[in-house]
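**Student:** If you scroll down you'll find the structure; I have some questions about it.
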Amino acid sequence: MEFGDVDPLSAAIGFAALLVAIPGMVVVMRGWRRQHLDTAVLTEQLAGEVGKREDRARLQLLGDPSRTIDLRFDFRPAPAHNAAGAAPKSRLGEVAAYYWELQPRRMVITGAPGAGKTVLAIELIMALLANRMPGDPVPIRLTASSWDLNAGPSMQPSAATQQMKNWVTAHLVEAYRLPQRAAQALVDAGRVLPVVDGLDELDPTDRPGYASRAGQALQVFNSYQRYSNRAELIVTCRSGHYQALTDDLAWVQDAARVEIRPVSGVQARKFITARAVDAKRWQTVLETIKRGHPLTFGLDTPWRLALALTVYEQRDKKTGRFLRNPDELTNTRLGTSDAVRDHLLESFIPAAFRNAGDQSLDPAQAHRWLAVIASYLNHNTTSGRGVGGRQLSGTDIVLHELWPLAGVRRPRMVFPALLAVAWLVGFPIMLSPLSTEFSADLVLALGLPFLIAFLLGCLSYSEIWPKPHRLVLTRLHTAHGRREFAVGLAVGLVAGLVAGLVLGLVAGVGLAGGLAGGLIWGLVLGLEEEADLGTPEPRSMVRDDLVIGLVLGLAFTTAIVIAIADWTGLGWFALGVAVGTGLAGGLTFGLAGWRYVALLLCTRRRGEHWLPWRLGQFLDACYRAGIVRIASTGYQFRHRELQDYLAHHPLPAADPSSDGIQTGGQSSHH
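In UniProt numbering, the protein residues as written are 1 to 670.
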């Protein structure tokens, strides 16, 4: 067997060294980007993106913005250290004016479940954006559950401030695609106003104490400073949770706590009349609410009212016939607020899909799939478990971070297992044309692909939380993008030249292979998404990560084919090594996407947790139907009540509207 001048052992060492060096190349490349940052321009761009995102969120939560409930709220003073300027009461339409009068501008929005805390926070964000002056901070909404707290009673103000800054910076990088350096510059310059949504979601209990995660968060908030003053801050939390913390002498200091009032009977009747197609169908409900019936308390939040209208405004798409009669709400079996809640929630999913016009999904099956996710999230909340030093979220559904649902180890084993299967299948095919006359060099050559596969498998398993990547060809449309592309190309060529010279000396691989690999690697680095401000769709992140892995795999394959062109006597074996090693090496850089694929492979129908094969498409359909909402880089259930209901009711109830006949009264046509 002739190998020319190739020493397979040295080649193996060289290839392994090259694979280890590649992440360093990425770090160097990213360190050269964005040498000059214009925080004023970035702030304006960020404000525009936040406005678009929050406007979509407001539209999903409120529907027609001209027919919303003008929520009332009251100032609830803390035992001490309240913000100055807090008026005794105000309403949704004047929340921005209320906030601007506070000194310092720190506000805590509390209320019952479904009272409209997030709605009030979003309305405040939109009003602040609409009246921004140059230099004003951009309000950024963060979900409290995404914060991996590390606080303590002795934390110094500087450390607490830095922890808060790190969290906000990470959110800007992940949710808005800002580069790390740009995000950090905005936060350090005080151009970001944190709006922490859902402080109550940090703990499984409804009575968190001083040492709870929420209590730790309050310690950080109280030490969060801008120069020598308390930094601006907005927080939302359920009233019961916040009062329990206050009773334990933990609250946001130098802030104004406001509490949203329950929706009054007058407001509820006005809202139903404004939103219903035919208010006469609701006459019995309106009269019942007017008399102070228990139904009044069952529909005393915007969330419950939205549920009721979703369920009872369903219409047959062909005939226009209403499918449910709202008189059902006056049934004596719905004599408590909880009974009304459960009645509406059990009918919500089929009604939501029907109102969205989506007939591609079976609502009963969708209920089961959503229940699997809800149970997983609730288990994370109650157990407080973590993986790889990160606490698992109890609310966020991020596709490339959902894999622990199928187990902590099994999904991480999928990629190494696929590598092993590929080599076991391909090895006999590649080996068949070779001579049976073995030598020490041949044994080493045969071991090369296994060594590389082993290293890649170990790398993929040890990378617990891989970050997704993205290629953007439109980067070449701008002068700045072309400059970054040129820098990436130059870095790739230099790295390829060095690699080609080194590998050429130790393994006879040749300069051509190094230059080819460097050229293609430079193309990828130059086009990789790193600094284009925007709000990615949750589904696109895993798709783009898989694409960049495939592109890199083809790049590595091309480079290796060129590099071993002078190897003689190996024939198809050499080509197989090139293709297998190249694709495996490249796909390793799409680990976030592969971790999502691993989740799908581990959640098939016969398994303990069954999810749809097209999970991203399914969740997107749920988003369009108003069942889930987009939060940062993932989804959340529309409301925590819906998540809790699904977790405790994994099997769907019978859908009374499935027969297309209105129950409880006469149908109406329009």
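Here a beta-carbon is modelled for each residue, glycine too, at the ideal position from N, C-alpha and C.
Given the structure is predicted, the values throughout are model-derived calculations rather than measurements.
What residues in its chain sit with their C-beta under 8 Å from that of Thr375, if we drop five residues either side in the sequence?
**Tutor:** To locate residue 375, count along the sequence shown from 1; it is residue 375. It is worth fixing the name first, because residue 375 is Ser in this sequence and not Thr. So the list reads Leu646, Ala647, Pro650, once near-sequence residues are dropped.
**Student:** Please report the distance separating the alpha-carbon of Arg604 from that of Ala406.
**Tutor:** Residue numbering aside, residue 604 sits at position 604 when the sequence shown is read from its first letter. Residue numbering aside, residue 406 sits at position 406 when the sequence shown is read from its first letter. Taking the straight line from one Cα to the other gives about 10 Å.
**Student:** Go through its chain and collect everything with a Cβ distance to Ala625's Cβ below 7 Å, but skip five positions before and after it.
**Tutor:** Taking the sequence shown and counting its residues from 1, one reaches residue 625 at position 625. Counting only Cβ-Cβ distances below 7 Å, and skipping sequence neighbours, we find Ala352, Phe353, Ala356, Asp358.
**Student:** DSSP puts Ile234 in a beta bridge; with which residues?
**Tutor:** On the sequence shown, residue 234 is found 234 positions in, with the first residue counted as 1. Met107, Val195, per the DSSP bridge assignment.
**Student:** Put Lys467 into one of helix, strand or coil per three-state DSSP.
**Tutor:** Here the question's residue 467 lines up with position 467 in the sequence shown. Note: Lys467 maps to coil in three-state DSSP.
**Student:** With a threshold of 8 Å, are at least 3 pairs of Cβ atoms found where one atom belongs to the segment 114-130 and the other to the segment 193-200?
**Tutor:** Counting Cβ pairs under 8 Å, three or more are found: they touch.
**Student:** What would DSSP say about Asn131, mapped onto helix, strand or coil?
**Tutor:** By 1-based counting over the sequence shown, the position of residue 131 is 131. Correct three-state label for Asn131: coil.
**Student:** For the beta strand (DSSP E) containing Phe618, name the first residue and the last one.
**Tutor:** As a working note, residue 618 is residue 618 in the sequence shown. It is not in any beta strand (DSSP E) - Phe618 instead sits in the alpha helix (DSSP H) that spans 615-625.
**Student:** So, with DSSP's three-state summary, where would you put Gly24?
**Tutor:** As a working mapping, residue 24 is identified with position 24 in the sequence shown. With a pLDDT of 49 at Gly24, under the threshold of 50, the modelled position of that residue is not reliable, and no figure is offered here.
**Student:** Excluding the five sequence neighbours on either side, which residues of its own chain have a C-beta within less than 7 Å of the C-beta of Gly85, listed in chain order?
**Tutor:** Counted from its first residue, the sequence shown places residue 85 at position 85. Only Glu101, Leu102, Gln103 meet the Cβ criterion.
**Student:** From which residue to which residue does the alpha helix (DSSP H) around Tyr242 run?
**Tutor:** Taking the sequence shown and counting its residues from 1, one reaches residue 242 at position 242. It spans 239-247 - the alpha helix (DSSP H) in which Tyr242 sits, taken as one unbroken run.
**Student:** Using a 10 Å radius around the Cβ and a threshold of 16 neighbouring Cβ atoms, would you call Arg315 buried or exposed?
**Tutor:** Residue 315 sits at position 315 when you count from the first residue of the sequence shown. Burial call: buried.
**Student:** Am I right that Glu54 and Ile125 are in contact with their C-beta atoms under 8 Å? What's the rounded C-beta distance?
**Tutor:** Mapped onto the sequence shown, residue 54 falls at position 54. Mapped onto the sequence shown, residue 125 falls at position 125. Glu54 to Ile125, Cβ: 5 Å. Contact.
**Student:** According to DSSP, Leu142 sits in a beta bridge with which residue or residues?
**Tutor:** As a first step, residue 142 must be located in the sequence shown, where it is residue number 142. Per DSSP, Val196.
**Student:** Go ahead and label Gly508 buried or exposed: buried means 16 or more other beta carbons lie within 10 angstroms of its beta carbon, across all protein chains shown.
**Tutor:** Within the sequence shown, the letter at position 508 stands for residue 508. Low local confidence applies: a pLDDT of 46 at Gly508 is under 50, so the model's placement there is unreliable, with the coordinate-based value given in what follows. With 16 or more Cβ atoms within 10 Å of its Cβ, Gly508 is classed as buried.
**Student:** Near Val408, what residues of its chain come up, given a Cβ to Cβ distance below 6 Å and the 5 sequence neighbours on each side ignored?
**Tutor:** The residue labelled residue 408 in the question sits at position 408 within the sequence shown. Once the five neighbours on either side are set aside, the close Cβ partners of Val408 are Val387.
**Student:** Looking only at DSSP bridge pairs, what is Asp74 linked to?
**Tutor:** Sequence index remark: in the sequence shown, residue 74 carries index 74 (1-based). Paired residues: Lys89, Glu259.
**Student:** Looking at the strands, I want to know which residues DSSP matches up with Val628.
**Tutor:** Taking the first residue of the sequence shown as position 1, residue 628 is located at position 628. Answer by DSSP bridge pairing, in chain order: Phe637.
**Student:** Look at the alpha carbon of Pro302 and the alpha carbon of Tyr99, and state the distance between them as a whole number of angstroms.
**Tutor:** For the purposes of this step, residue 302 is identified with residue 302 of the sequence shown, where counting begins at 1. For the purposes of this step, residue 99 is identified with residue 99 of the sequence shown, where counting begins at 1. Pro302 and Tyr99: Cα-Cα distance of roughly 22 Å.
**Student:** What separation, rounded to the nearest whole angstrom, lies between the Cα atoms of Arg269 and Ala654?
**Tutor:** Indexing the sequence shown from 1 puts residue 269 at position 269. Indexing the sequence shown from 1 puts residue 654 at position 654. For Arg269 and Ala654, the distance between alpha carbons rounds to 29 Å.
**Student:** From Trp251 to Phe271, what distance separates their C-alpha atoms?
**Tutor:** As a position in the sequence shown, residue 251 is number 251, starting the count at 1. As a position in the sequence shown, residue 271 is number 271, starting the count at 1. One C-alpha to the other measures close to 34 Å.
**Student:** Between Trp403 and Pro538, what straight-line distance do the alpha-carbon atoms span, to the nearest angstrom?
**Tutor:** Here residue 403 refers to the residue found at position 403 of the sequence shown. Here residue 538 refers to the residue found at position 538 of the sequence shown. So the alpha carbons of these two residues sit roughly 15 Å apart.
**Student:** Going by alpha carbons, who is nearest to Ser536 out of Ala339, Val551, Ala598, Pro468?
**Tutor:** Your numbering for residue 536 matches position 536 in the sequence shown. Going by the sequence as given, residue 536 is Pro instead of Ser. Checked all of Ala339, Val551, Ala598, Pro468; the closest Cα to Pro536 is Pro468.
**Student:** Does the beta-carbon of Asn229 have 16 or more other beta-carbons within 10 angstroms, so that it is buried, or is it exposed?
**Tutor:** For the purposes of this step, residue 229 is taken as the residue at position 229 of the sequence shown. Counting Cβ neighbours within 10 Å, Asn229 comes out exposed, since fewer than 16 surround it.
**Student:** Closer than 6 Å by C-beta to Trp282: which residues in its own chain qualify, once you throw out the five before and the five after it? Chain order, please.
**Tutor:** Here residue 282 refers to the residue found at position 282 when the sequence shown is read from its first residue. Closer than 6 Å at Cβ, skipping near neighbours: Ile272, Ala276, Pro326.
**Student:** Among the candidates Gly93, Gln156, Asp136, Phe348, whose CA atom is the shortest distance from the CA of Ala311?
**Tutor:** The sequence position of residue 311 within the sequence shown is 311, counting from 1. Note on residue identity: the sequence assigns Val, not Ala, to residue 311. Comparing Cα-Cα distances from Val311 to each of Gly93, Gln156, Asp136, Phe348, the minimum goes to Phe348.
**Student:** From Pro208 to Ile630, what does the alpha carbon distance come to, in whole angstroms?
**Tutor:** Here residue 208 corresponds to residue number 208 of the sequence shown, with the count starting at 1. Here residue 630 corresponds to residue number 630 of the sequence shown, with the count starting at 1. C-alpha separation (whole angstroms): 27 Å.
**Student:** Apart from the five residues on each side of it in sequence, which residues of its chain come closer than 6 Å, Cβ to Cβ, to Ile464?
**Tutor:** To locate residue 464, count along the sequence shown from 1; it is residue 464. Taken in chain order, the residues that qualify are Gly388.
**Student:** So, helix, strand or coil for Asn378, using DSSP?
**Tutor:** On the sequence shown, position 378 is the one that residue 378 refers to. Helix, per DSSP.
**Student:** Contact between the segment 278-293 and the segment 242-259: three or more CB pairs below 8 Å?
**Tutor:** Flag = no, the segment 278-293 and the segment 242-259 do not touch.
**Student:** According to DSSP, is Gln156 helix, strand or coil?
**Tutor:** Working through the sequence shown from its first residue, we reach residue 156 at position 156. Reduced to three states, the DSSP call for Gln156 is coil.
**Student:** For Gln617, I'd like the list of residues in its chain whose CB is within less than 8 Å of its CB, leaving aside the five on either flank, ordered along the chain.
**Tutor:** By 1-based counting over the sequence shown, the position of residue 617 is 617. Excluding sequence neighbours, Gln617 sits near Arg539.
**Student:** Expressed to the nearest angstrom, what Euclidean distance is found between the alpha-carbon atoms of Leu546 and Phe556?
**Tutor:** In the sequence shown, the residue the question calls residue 546 occupies position 546. In the sequence shown, the residue the question calls residue 556 occupies position 556. C-alpha separation (whole angstroms): 15 Å.
**Student:** Drop a sphere of 10 angstroms on the beta-carbon of Asn82, count the other beta-carbons inside from all chains shown, and report buried for 16 or more, exposed for fewer.
**Tutor:** Residue mapping note: residue 82 aligns to position 82 of the sequence shown, counting from 1. Result: buried.
**Student:** Assuming Ser460 and Pro411 make a contact with CB atoms under 8 Å, what is their CB distance in whole Å?
**Tutor:** Here residue 460 refers to the residue found at position 460 of the sequence shown. Here residue 411 refers to the residue found at position 411 of the sequence shown. Not quite, the Cβ-Cβ distance comes to about 11 Å (not below 8 Å), so this is no contact.
**Student:** Can you grab the Cα-Cα spacing for the pair Ser264 / Ile69, in whole Å?
**Tutor:** Taking the sequence shown and counting its residues from 1, one reaches residue 264 at position 264. Taking the sequence shown and counting its residues from 1, one reaches residue 69 at position 69. If you take the alpha carbons of Ser264 and Ile69, they lie about 10 Å apart.
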